[in-house]
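Residue numbers (our numbering), protein chains in the order written: chain A, 3 to 113; chain B, 4 to 115.
Quick notes on the structure that follows.
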Amino acid sequence: ILNVEQSPQSLHVQEGDSTNFTCSFPSSNFYALHWYRWETAKSPEALFVMTLNGDEKKKGRISATLNTKEGYSYLYIKGSQPEDSATYLCAHSSGNTPLVFGKGTRLSVIA
Amino acid sequence: NAGVTQTPKFRVLKTGQSMTLLCAQDMNHEYMYWYRQDPGMGLRLIHYSVGEGTTAKGEVPDGYNVSRLKKQNFLLGLESAAPSQTSVYFCASADPGGLEAFFGQGTRLTVV
């Protein structure tokens, strides 16, 4: 089972601030990198799935980039809002291997 | 649209009791997973299946067994529950390309 590391573990930002988190993963046998948004008492919800080196995805104020050669992905949130407060999980898969999740970054946006 | 359904949603067990958690998906997905979620630990993979009749161990398989007799169902069994198995359990399924996983609503299990 391949290791996925996320940093920081938790983050507190003021409403309106922009922020970003990091996901590191093994660069060998890469298949896909996933970002999920996970609110308390709910199930994780997919944000992005990226497969190609250099991929950039965007959904509203949230975007993500992927570097498969060096094994990292960044998630960016522009102009954070209180409703962005959640745990953001990244997960890595290598072909037939299952999704392996990092421990997540817990974001709190203070109004 | 049912998606991924887990039953039960809540359960309290006494140490040593057994139980089975059911995960059902209606998306014809090949891959199914069982994870447990504990504070500060993210989602840890217990067991997974890449197709009907197949299962494999994940990161934390001890104390659990699984079966995938039908493609749409993935069962997680605890033969003799321990307090360390108190957790929230999530089931997920993925499309044939494995590019997106869909999660159930979770089962909160407490072992006393």
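Glycine is no exception: its CB is placed at the ideal position from the N, C-alpha and C atoms.
As the structure is a computational prediction, the values presented were derived from the model and not from experiment.
In the three-state reduction of the DSSP assignment, Q88 of chain B falls in the helix class.
A contact between stretches requires three or more CB pairs, one per stretch, nearer than 8 Å, and the segment 79-99 of chain B fails this requirement with the segment 31-42 of chain A.
When secondary structure is reduced to three states using DSSP, E47 of chain A falls in the strand class. Nearest Cα to L72 of chain B within the set B:V114, B:T57 and B:A95: B:T57.
Listed by position along chain B, the residues whose Cβ is nearer than 8 Å to that of V111 of chain A form an empty set, because the closest Cβ is around 20 Å away.
Going by beta carbons, E17 of chain A and V111 of chain A fall inside the 8 Å limit.
Below the 9 Å Cβ cutoff, chain A contributes Y33, A34, H36, V51, T53 and S95 as neighbours of L102 of chain B, in chain order. With respect to V6 of chain A, A88 of chain A sits apart: the two C-beta atoms are not nearer than 8 Å.
For P28 of chain A, no CB of chain B lies under 8 Å from its own CB, so it is not counted at the interface with that chain. Fewer than three Cβ pairs drawn from the segment 5-16 of chain B and the segment 51-62 of chain A lie within less than 8 Å of each other, which leaves the two stretches out of contact.
Counting along the chain, R111 of chain B sits inside the beta strand (DSSP E) bounded by residues T110 to V114. Considering only beta carbons, the part of the segment 62-81 of chain B lying closer than 9 Å to chain A consists of E62, in chain order.
Taking L68 of chain A as the centre and dropping the five residues before and after it, the same chain places the C-beta of L35, M52, D57 and S75 closer than 6 Å to its C-beta, in chain order. Counting along the chain, no beta strand (DSSP E) covers H32 of chain B, and no H or E run does either. Separation of the CB atoms of P28 of chain A and G73 of chain A is rounded to 6 Å, and the pair is thereby assigned contact status at 8 Å. Within chain B, E103, A104 and F105 have C-beta atoms less than 8 Å from the C-beta of A48 of chain A, given in sequence order.
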